[in-house]
Amino acid sequence: MPTPSPSRTVSSPSAPATYEAALEELEQLVAQLDAGQLPLDQLLTRYQRGAELLAFCRARLEDVENQIKVLEGGSLKPWDAA
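Below, the structure is given as structure tokens:
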């Protein structure tokens, strides 16, 4: 069975502890990518991390939405911010 390459293991940080932590890290990554000053290999690594963080955030939002559906009796109600 092949072993994972060391660069994959080192460059794959763990999942964020919270939605807010993921969002903050994602915002930092976007700023770095927008600056356009990264070498190609770092650009790709950071893009991949951003995709992981985006998936994490979407999953957390979906989880919360499902919990709200349960609390609201199976249907989401319009948000009234007033």
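Mapping of the sequence shown onto the numbering used here: residues 5 to 86, in sequence order. Where is the CB? At the ideal position from N, CA and C, for every residue including glycine. Nothing here was measured: the structure is a model prediction, and the numbers come from that model.
- Here LEU75 is exposed, its C-beta having fewer than 16 other C-beta atoms within 10 Å.
- The C-beta of ALA26 has 16 or more other C-beta atoms within 10 Å across all chains shown, which makes the residue buried.
- Listed in chain order, the non-local C-beta contacts of ARG64 below 8 Å within the same chain comprise TYR23, ALA26, local neighbours out to five positions each way being set aside.
- Taken in chain order, the region 47-79 contains no complete beta strand (DSSP E) segment of 3 residues or longer.
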